[in-house]
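Here's the structure we're looking at; comments come further down.
Laid out in structure tokens, this is it:
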């Protein structure tokens, strides 16, 4: 059950909890960062060969197919998520069960590679980035999101206070890339912390040009609608990155 | 005395304190981040037209001239720093007193633009970036450092503890760009906080390609030699950025 990368999504308790999140029940529109991520995708999806790394329930795969993608492939390590994705899906979408940590992707086989909140589970991200760079032709796009490095850095993640007693997100060990264990939906979920520099320099080294980056936090309208998002102005929740293969 | 940008360097107390820092007394080698910044500069400086924005005492200007730069210009708003720079300097270096917030730079007049820890004082950085983009020909380089956004973000800057009592740097208001007032060498020093995304997207918008980025923290050897640097592994002190004009 435990490979190089922890497959927490197939544990009963985690899967049950994850299935109840707005992003699982309502799909892309249930994810507060989706509109920002969508704005970083190609305006015209028609005709593209799309690959989704960590496709989960397949919401993005179906979205891409609806917009005229020529082919859509979703990859995930979770049997449970893929089973549900296949139930709800169009047979034109190909789902593959595979571990992103040991994935091989055919040369020049995709025009757009997308990944939402999956790379921070991958132990050997550099090997995956090499595969992605090989899979994209010149001009192909990689658009992805991860938990923001400021969120993944601390050894003990949780809100605290600054020296004046104001609410703050305490950061430590930021420059030490490596695994962090948190209790999110289940005890002992392991994620890989990487600094912003680690992510960006890895992409620059492997023939990607950075085109845009978002440190996502909620808009005022979003915070007004969902007060659980209010604190997220203090430190960005997600890092969204758009790159082009050069 | 106070323009759009605060010129704190010409205040007696601040100037006296700043003059005692290792980076003021020992020059580039007294700045712990210098070796990292130097590694981002062109290997061959000979023949380049170099412009240093916020040149202070002129250490970098002299370094560039020593390495064969064709011309070197240093710009700073501080009369006191320029006076000392000129005393110690080679007449081949041209020093100009000017505010980076209202600077005009001649078109295609530099091959390398360098700035160390000055941009976080600039109120209208976007106008300056437009000037820099115009001053560099295609292939010209901009290399700069600023205080890291994680350092400038909090309203009250200072070490605190996480929820478990471990030392941590408390971050809040990260997504709110704007002035922050700190007490560093003098009371009420005003710096401009900008998120990582603000810095990088501004450069990408204005015809720069990102080539490398460092979130600088001390090496183990540096921390062993200077224990005041030990905490800086928890959150990077400086952001170092290398870009090419496209």
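Residue numbers (this note's numbering), protein chains in the order written: chain Z, 26 to 271; chain E, 26 to 271.
Yeah, the Cβ is synthetic: ideal placement off N, Cα and C, and Gly gets one too.
Please read all numbers here as calculations on a predicted model, not as lab measurements.
Boundaries of the beta strand (DSSP E) in which residue i is found, first to last residue
{"i": "residue 148 (chain E)", "result": "Per DSSP, residue 148 (chain E) belongs to no beta strand (DSSP E) and is neither H nor E."}
{"i": "residue 76 (chain Z)", "result": "74 to 78"}
{"i": "residue 233 (chain Z)", "result": "233 to 241"}
Bridge partners - residue i, DSSP secondary structure assignment
{"i": "residue 120 (chain Z)", "result": "Z:99"}
{"i": "residue 34 (chain Z)", "result": "DSSP lists no partner for residue 34 (chain Z)."}
{"i": "residue 203 (chain Z)", "result": "Z:218"}
{"i": "residue 192 (chain Z)", "result": "Z:186"}
Status (buried if at least 16 other CB within 10 Å, exposed otherwise) for residue i
{"i": "residue 77 (chain Z)", "result": "buried"}
{"i": "residue 99 (chain Z)", "result": "buried"}
{"i": "residue 197 (chain E)", "result": "buried"}
{"i": "residue 45 (chain E)", "result": "exposed"}
{"i": "residue 228 (chain E)", "result": "buried"}
{"i": "residue 117 (chain E)", "result": "exposed"}
{"i": "residue 27 (chain E)", "result": "For residue 27 (chain E), the pLDDT reaches just 41, beneath the cut-off of 50, and the residue's location in the model is therefore unreliable, although a value from the coordinates is still provided. Label assigned to residue 27 (chain E): exposed."}
{"i": "residue 177 (chain E)", "result": "buried"}
{"i": "residue 241 (chain E)", "result": "buried"}
{"i": "residue 207 (chain E)", "result": "buried"}
{"i": "residue 94 (chain E)", "result": "buried"}
{"i": "residue 251 (chain Z)", "result": "exposed"}
{"i": "residue 185 (chain E)", "result": "buried"}
{"i": "residue 213 (chain Z)", "result": "exposed"}
Nearest neighbour of residue i, chosen from the options [CA to CA]
{"i": "residue 262 (chain E)", "options": "E:173, E:236, E:215", "result": "E:173"}
{"i": "residue 103 (chain Z)", "options": "Z:168, Z:117, Z:143", "result": "Z:143"}
{"i": "residue 48 (chain E)", "options": "E:69, E:81, E:36", "result": "E:81"}
{"i": "residue 133 (chain E)", "options": "E:183, E:235, E:163, E:39", "result": "E:163"}
{"i": "residue 65 (chain Z)", "options": "Z:232, Z:113, Z:138", "result": "Z:138"}
{"i": "residue 271 (chain Z)", "options": "Z:148, Z:203, Z:253, Z:235", "result": "Z:235"}
{"i": "residue 239 (chain Z)", "options": "Z:206, Z:221, Z:67", "result": "Z:221"}
{"i": "residue 114 (chain E)", "options": "E:188, E:51, E:85", "result": "E:85"}
{"i": "residue 193 (chain E)", "options": "E:151, E:175, E:109, E:95", "result": "E:175"}
{"i": "residue 120 (chain E)", "options": "E:75, E:243, E:210", "result": "E:75"}
{"i": "residue 111 (chain Z)", "options": "Z:95, Z:243, Z:92, Z:83", "result": "Z:83"}
{"i": "residue 67 (chain Z)", "options": "Z:180, Z:165, Z:35", "result": "Z:165"}
{"i": "residue 246 (chain Z)", "options": "Z:57, Z:107, Z:265", "result": "Z:57"}
{"i": "residue 34 (chain Z)", "options": "Z:258, Z:52, Z:107", "result": "Z:107"}
{"i": "residue 73 (chain E)", "options": "E:89, E:62, E:259", "result": "E:89"}
{"i": "residue 264 (chain Z)", "options": "Z:253, Z:237, Z:249, Z:252", "result": "Z:237"}
{"i": "residue 218 (chain Z)", "options": "Z:70, Z:202, Z:37", "result": "Z:202"}
{"i": "residue 36 (chain Z)", "options": "Z:105, Z:158, Z:157", "result": "Z:105"}
{"i": "residue 62 (chain E)", "options": "E:210, E:53, E:43", "result": "E:53"}
{"i": "residue 224 (chain E)", "options": "E:170, E:185, E:212", "result": "E:170"}
{"i": "residue 181 (chain E)", "options": "Z:184, Z:183, Z:191", "result": "Z:191"}
{"i": "residue 69 (chain Z)", "options": "Z:50, Z:51, Z:91", "result": "Z:91"}
{"i": "residue 230 (chain Z)", "options": "Z:151, Z:38, Z:253, Z:244", "result": "Z:151"}
The alpha helix (DSSP H) enclosing residue i, as first and last residue numbers
{"i": "residue 166 (chain Z)", "result": "Premise fails: residue 166 (chain Z) lies in the beta strand (DSSP E), 166 to 172, not in any alpha helix (DSSP H)."}
{"i": "residue 224 (chain E)", "result": "221 to 230"}
{"i": "residue 142 (chain Z)", "result": "First-last for residue 142 (chain Z): undefined, no H or E at that position."}
{"i": "residue 270 (chain E)", "result": "Here residue 270 (chain E) belongs to no alpha helix (DSSP H); instead the beta strand (DSSP E) covers 263 to 270."}
{"i": "residue 248 (chain Z)", "result": "245 to 250"}
{"i": "residue 47 (chain E)", "result": "47 to 50"}
{"i": "residue 106 (chain E)", "result": "104 to 112"}
{"i": "residue 209 (chain Z)", "result": "Counting along the chain, residue 209 (chain Z) falls outside any alpha helix (DSSP H), and DSSP gives it neither H nor E."}
{"i": "residue 133 (chain Z)", "result": "Per DSSP, residue 133 (chain Z) belongs to no alpha helix (DSSP H) and is neither H nor E."}
{"i": "residue 61 (chain E)", "result": "59 to 63"}
{"i": "residue 85 (chain Z)", "result": "84 to 91"}
Presumed contact (8 Å Cβ cut-off) between residue i and residue j, rounded CB distance
{"i": "residue 215 (chain E)", "j": "residue 31 (chain E)", "result": "5 Å"}
{"i": "residue 268 (chain E)", "j": "residue 153 (chain E)", "result": "Actually they do not touch by this definition, with Cβ atoms about 14 Å apart."}
{"i": "residue 272 (chain Z)", "j": "residue 141 (chain Z)", "result": "Missing from the structure shown is residue 272 (chain Z); chain Z here goes from 26 to 271 and no further."}
{"i": "residue 160 (chain E)", "j": "residue 123 (chain E)", "result": "Contact flag wrong, Cβ pair sits at about 13 Å."}
{"i": "residue 195 (chain Z)", "j": "residue 195 (chain E)", "result": "5 Å"}
{"i": "residue 256 (chain E)", "j": "residue 179 (chain Z)", "result": "Actually they are not in contact, since the Cβ atoms of residue 256 (chain E) and residue 179 (chain Z) sit about 14 Å apart, beyond 8 Å."}
{"i": "residue 232 (chain Z)", "j": "residue 158 (chain Z)", "result": "5 Å"}
{"i": "residue 211 (chain E)", "j": "residue 42 (chain E)", "result": "7 Å"}
{"i": "residue 199 (chain E)", "j": "residue 259 (chain Z)", "result": "6 Å"}
Check: residue i C-beta below 7 Å from any heavy atom of the ligand HEM
{"i": "residue 100 (chain Z)", "result": "In terms of ligand content, the structure shown is empty, and the ligand HEM therefore cannot be addressed."}
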